[in-house]
Structures are given as structure tokens and as C-alpha cells.
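**Q** Numbering (this note's numbering), first residue to last: 45 to 208. Note that the Cβ used here is the ideal one computed from N, Cα and C, for glycine as well. My structure is below; once you've seen it, I'll send some questions.
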Amino acid sequence: MNPLTEQDIRTSFVNCSKGEAQRLPMPRDLAERPWAELDFLGWGDPGAPDRTYLVTEHAGDLVGVTLRFPAQRRGYLHRSMCSLCLTTHPGSGVSLMTARRTGRAGRDGNSVGVYMCTDLACSLYIRGLKKPAPGGRFEESLTLAEQIERTKGNLSAFLTKVLE
45 MNPLTEQDIR
55 TSFVNCSKGE
65 AQRLPMPRDL
75 AERPWAELDF
85 LGWGDPGAPD
95 RTYLVTEHAG
105 DLVGVTLRFP
115 AQRRGYLHRS
125 MCSLCLTTHP
135 GSGVSLMTAR
145 RTGRAGRDGN
155 SVGVYMCTDL
165 ACSLYIRGLK
175 KPAPGGRFEE
185 SLTLAEQIER
195 TKGNLSAFLT
205 KVLE
């Protein structure tokens with residue numbers, strides 16, 4: 045992923061108003077992000093722990109979406125799998141992230157959801173740059189490039205539903 049500026053990020057959001065996009069908290073570590081290793085930029089809202097934000101390239105455009113997820117209190121023995129990168133996490137390491145749809149559907153309250161790594165570090169898990177809990181990544185016959193493409197495809201399918 046190419047490095048992004050705050051202005052790039054703020055103008056990319058498609059499922060909130062321009063005013064909301066201007067008020068979103070920005071990640072403080074943009075300069076330190078491992079841009080070459082990221083398939084998308086994701087970060088949490090420190091003031092609202094049930095909100096996260098995601099920005100990526102989709103169909104040739106930079107697309108940002110606001111996501112919400114419920115506060116979960118799952119036990120450590122409960123495991124869930126991220127539907128983007130296929131990493132499993134114990135407890136609340138995977139959350140159902142919901143995004144308001146764009147246009148009239150979104151204004152009417154319609155949303156779509158996807159199970160994602162709560163910390164939005166899918167790119168790092170795939171590349172082995174961040175380690176999940178034991179048993180979190182399965183040995184796959186796919187190459188790293190194929191796993192990255194699968195993750196991008198899964199994210200693209202979700203964004204297409206947001207944009208419909």
C-alpha cells in the first residue's frame with residue numbers, strides 16, 4: 045500500500061458525511077506504519093472503543109469506511125476466525141464489524157458486516173510480522189502472494205457490498 049496523508053484518508057470515506065470524516069481521529073503513527081506490508085490501513089478510535097476505520101484501494105479508488113463492532117466478553121477458550129485473512133483468535137480477537145452502506149440504503153439504516161481481526165492487523169498476520177495466539181495461523185498450501193490476494197479479494201467483496 046502507498047503511504048497516505050491525513051487529507052487522503054479524510055477524503056476517502058464513503059459511508060459518513062464530510063463533516064464526520066473531518067472529525068475522525070487519525071492514527072498518530074502514520075509515518076511509522078509499515079506501508080509496504082499493508083493491504084489496508086486500519087485503526088481504532090481511542091475515544092470510542094466500538095469504532096474502527098479502514099482505508100484501502102478498491103476498484104482504482106481510495107475507499108475509507110467507518111466500522112462498528114459490539115463490545116464482546118468471550119472467554120479465552122472461544123475461538124473465532126477472521127473472514128479476511130483466515131487467522132483464528134481466542135476471546136474477542138475477532139469481531140463482527142458492521143459498516144453503514146453508502147447512499148440512500150445507508151441513510152435508511154442498512155449496513156453490512158464481516159468478521160475481522162479486532163486489531164485490523166490482517167496484513168501483518170499473513171506475512172508473519174505479527175504473531176497471533178498459538179494455533180492462530182494454519183499451515184497453508186497457498187503461497188504468500190496467493191494468501192495476500194485472497195485477503196484483498198475478501199476485503200474487496202465486503203467493500204462492494206458497502207458501496208452497492
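What is the DSSP secondary structure of E76, reduced to helix, strand or coil?
**A** Here residue 76 corresponds to residue number 32 of the sequence shown, with the count starting at 1. If DSSP states are grouped into helix, strand and coil, E76 belongs with the helices.
**Q** Can you tell me whether M70 is buried or exposed? The criterion is at least 16 other CB atoms within 10 Å of its CB, across all chains shown.
**A** The residue labelled residue 70 in the question sits at position 26 within the sequence shown. When all chains shown are included, M70 counts as exposed.
**Q** To the nearest angstrom, report how far apart L173 and G150 are at their CA atoms.
**A** Here the question's residue 173 lines up with position 129 in the sequence shown. Here the question's residue 150 lines up with position 106 in the sequence shown. The alpha-carbon atoms of L173 and G150 are separated by roughly 36 Å.
**Q** Given M125, which residues of its chain have a CB within under 6 Å of its CB, disregarding the five upstream and five downstream residues?
**A** Position 81 of the sequence shown, counted from the start, is the residue given in the question as residue 125. Closer than 6 Å at Cβ, skipping near neighbours: T132.
**Q** Give me whichever residues DSSP pairs with P134 in a beta bridge.
**A** In the sequence shown, residue 134 corresponds to position 90, counting from 1. Note: P134 sits in a beta bridge opposite R123.
**Q** Of the choices M45, S155 and T146, whose alpha-carbon is the least far from that of G86?
**A** As a position in the sequence shown, residue 86 is number 42, starting the count at 1. Out of M45, S155 and T146, M45 has the C-alpha closest to the C-alpha of G86.
**Q** Determine the extent of the alpha helix (DSSP H) in which A65 is found, giving its start and end residues.
**A** The residue you call residue 65 lines up with position 21 of the sequence shown. Its alpha helix (DSSP H) spans residues K62 to R67.
**Q** Classify H122 as buried or exposed, calling it buried when 16 or more other Cβ atoms lie within 10 Å of its own Cβ.
**A** Here the question's residue 122 lines up with position 78 in the sequence shown. Under this definition H122 is an exposed residue.
**Q** Please report the straight-line C-alpha distance between L106 and S56, rounded to a whole angstrom.
**A** To locate residue 106, count along the sequence shown from 1; it is residue 62. To locate residue 56, count along the sequence shown from 1; it is residue 12. The alpha-carbon atoms of L106 and S56 are separated by roughly 6 Å.
**Q** To which residues does DSSP link Y97 through a beta bridge?
**A** The residue you call residue 97 lines up with position 53 of the sequence shown. DSSP, once it has assigned bridges, lists W87 and T110 as partnering Y97.
**Q** Between R112 and R95, how many whole angstroms is the CB-CB distance? I'm expecting something under 8 Å.
**A** Within the sequence shown, numbered from 1, the residue matching residue 112 stands at position 68. Within the sequence shown, numbered from 1, the residue matching residue 95 stands at position 51. At roughly 6 Å, the Cβ-Cβ gap stays under 8 Å, so R112 and R95 are in contact.
**Q** CA-CA distance, V171 and Y159?
**A** Your numbering for residue 171 matches position 127 in the sequence shown. Your numbering for residue 159 matches position 115 in the sequence shown. Note on residue identity: the sequence assigns Arg, not Val, to residue 171. Whole-angstrom Cα-Cα distance: 20 Å.
**Q** Are G137 and T162 closer than 7 Å when you measure CB to CB?
**A** If you number the sequence shown from 1, residue 137 lands on position 93. If you number the sequence shown from 1, residue 162 lands on position 118. Yes. Within cutoff.
**Q** Whose C-beta lies closer than 7 Å to the C-beta of T195 among residues of the same chain, with five residues either side of it excluded?
**A** As a working mapping, residue 195 is identified with position 151 in the sequence shown. Correct list, in chain order: D83, L128, C129, C166 and I170.
**Q** Expressed to the nearest angstrom, what Euclidean distance is found between the alpha-carbon atoms of L98 and F182?
**A** As a first step, residue 98 must be located in the sequence shown, where it is residue number 54. As a first step, residue 182 must be located in the sequence shown, where it is residue number 138. When rounded, the distance between both Cα atoms is 25 Å.
**Q** Return the chain-ordered ranges of every alpha helix (DSSP H) run that is complete within the segment 148-194 and spans a minimum of 4 residues.
**A** Listed in chain order, the complete alpha helix (DSSP H) runs (minimum 4 residues) inside the segment 148-194 are 166-170.
**Q** Measure the C-alpha to C-alpha separation of R67 and I53 and round it to an integer number of angstroms.
**A** The residue you call residue 67 lines up with position 23 of the sequence shown. The residue you call residue 53 lines up with position 9 of the sequence shown. Going by the C-alpha atoms only, they are around 12 Å apart.
**Q** For E76, which of P47, K62, C60 and D89 has the nearest alpha-carbon?
**A** Here residue 76 corresponds to residue number 32 of the sequence shown, with the count starting at 1. Measuring from the Cα of E76, the nearest candidate turns out to be P47.
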